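Numbering follows my numbering, in which position 77 of the sequence shown is assigned residue number 467; successive positions increment by one, without gaps. Backbone N, C-alpha and C fix where the C-beta goes; we use that ideal spot for every residue, glycine too. Note that this is a predicted model, so its numbers are computed, not measured. The next block holds one structure in the form of structure tokens; read it before the comments.
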Amino acid sequence: MIDGEQGSELSTRDAVELRAGDADREAVAERLRIAAGEGRIGLSELEERLDRAFAAKTYGELDVLVADLPREGPSVPRPGTDADTLVLKTSLSSIRQSGRWTVPRKIVAECKMLGIVIDFTEATCVHGDVTVEARCGSGIIQLIVPRGWAVRIDGSSTNTAHIANGATAPADPGAPRLTVVGHPRAGHIKIKQPRRKR
């Protein structure tokens, strides 16, 4: 009977849906906004899906909201994958990662055309070091970092003439350090800080 009880406990545990977090809900919300911008869903449907996304408690509830959309866009971390890596990958559309989100240790950004914007200014970052691996064909990858963050271009980067680091404000002690490993082809990788408010 003990073995049977253990088996029952395992099957019950497997049947429980894993809980989604704030970063998961925000990632799905961003995919929905991009889809609306591309004309895939209307504004009223966008509002409805956003409401459901921010109310979602499990991965299953989030998955159904983007099941009919292209898979390109901010990925939702899945159980069994590296939760400290965010993959932003696109071919023919643009991606914008912005607003309130949690910065992982590593971000992989790849685009062929158009572009990717990664805005860190309202994000939460608990890591001292963050790495961004950026590759682009003819598109543009733009990183917007808060003043006080340290930014360096890794020595393994290629075609550095197409990488512009405009984040030159002095770094604050204890602030995150962003390391960019850039591989642009015909496109560009641009790093900048937000404009000061007047």
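Counting along the chain, Ile531 sits inside the beta strand (DSSP E) bounded by residues 530-534. Under DSSP, Pro574 forms a beta bridge with Cys526. The criterion of a C-beta distance shorter than 7 Å is not satisfied by His578 and Arg525.
By the Cβ neighbour-count rule, Phe444 is exposed, with fewer than 16 other Cβ atoms within 10 Å of its own. The continuous stretches of alpha helix (DSSP H) do not include Leu478, which lies in the beta strand (DSSP E) extending over residues 475-480. Ser488 and Lys580 have their C-alpha atoms roughly 16 Å apart. About 6 Å separates the Cβ atoms of Thr448 and Arg409, confirming a contact at the 8 Å cut-off.
By the C-beta criterion, the segment 535-545 is judged to be in contact with the segment 504-517, since at least 3 inter-stretch pairs fall below 8 Å. The alpha-carbon of Ala557 is positioned some 11 Å away from that of Ile543.
In this structure Met503 touches Gly529 by the C-beta definition: roughly 5 Å separates them, less than 8 Å. In the displayed model, Ile431 falls within coil according to three-state DSSP, outside both helix and strand.
From the listed residues Pro460, Glu523, Val498, Trp539, the smallest Cα separation to Thr548 is found for Glu523.
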